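A.B. asks: One structure, as structure tokens, below. Some questions next.
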Amino acid sequence: MISDKWELPFEEFLDVTKFVIKWPSTQIGEGLLTYLRSLPDSTVQAYMDEIRRIRCWYFYPPKSLDIQGHLQRQHKVCPEENGQDALRGVFKILQLKRRRSKSSPRSFYFRDATGKLQRVGANLEPLR
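So in our numbering, spot 28 of the sequence shown is number 29, and the numbers just go up one at a time.
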């Protein structure tokens with residue numbers, strides 16, 4: 002995600018650092034490309050595995066006659082009985098009743114080649 006001001010939904014209860022790389026827009030260039038190329042396959046696979054695990058939180062349940070609903074049932078992606086969808090996520094956040102986001106327009110995060118979470122500022126210097 003290349004955005005300084007956008008926050009992902011459901012950061013209150015999902016660890017988005019496990020499936021998102023948030024990079025400062027002021028640092029787009031060779032450094033980003035070098036970083037992405039340096040990621041071992043195991044790190045990329047870990048991101049993919051996590052998004053596959055939590056993807057249903059970003060899926061809005063379809064209406065019963067909706068074509069998306071037909072595809073959902075046919076391919077068994079995000080079945081309604083798993084209790085994870087965007088609408089339930091919104092309700093869960095409302096139950097928390099306060100903002101607990103771990104990111105801000107001035108903080109960014111990504112995992113290094115060893116898989117360790119790095120939290121940095123817009124200048125890519127570690128946050129304290």
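C-beta atoms are modelled at their ideal positions from N, C-alpha and C, and glycine is treated no differently.
Model, not experiment: these values are computed from the prediction.
Can you check whether the CB of Leu15 is closer than 8 Å to the CB of Trp24?
C.D. replies: Not closer than 8 Å, so no.
A.B. asks: Give the C-beta separation of Phe111 and Ile3 to the nearest angstrom, bearing in mind that I take them to be a contact with Cβ-Cβ under 8 Å.
C.D. replies: Wrong, their Cβ atoms sit about 11 Å apart, outside the cutoff.
A.B. asks: Who pairs with Leu118 in a beta bridge, going by DSSP?
C.D. replies: Answer is Arg112, bridged to Leu118.
A.B. asks: Go through its chain and collect everything with a Cβ distance to Thr27's Cβ below 7 Å, but skip five positions before and after it.
C.D. replies: Correct list, in chain order: Ala123.
A.B. asks: What does the alpha-carbon distance come out to for the pair Asp5 and Thr18?
C.D. replies: So the two alpha carbons sit approximately 15 Å from each other.
A.B. asks: Confirm, please, whether the CB-CB distance from Glu13 to Leu118 is below 8 Å.
C.D. replies: No.
A.B. asks: Taking the alpha carbon of Pro57 as the reference point, which residue from Gly90, Arg120, Met49 has its own alpha carbon closest?
C.D. replies: Here residue 57 turns out to be Cys, not Pro, going by the sequence shown. Ranking the options by Cα distance to Cys57, first place goes to Gly90.
A.B. asks: What does a CB cutoff of less than 6 Å around Phe20 pick up in its chain, not counting 5 residues either side in sequence?
C.D. replies: Closer than 6 Å at Cβ, skipping near neighbours: Tyr48, Glu51, Ile52.
A.B. asks: Using CA atoms only, rank isn't needed, just tell me which of Arg54, Gly30, Glu8, Thr115 is closest to Ser39.
C.D. replies: For the residues Arg54, Gly30, Glu8, Thr115, the minimum Cα distance to Ser39 belongs to Thr115.
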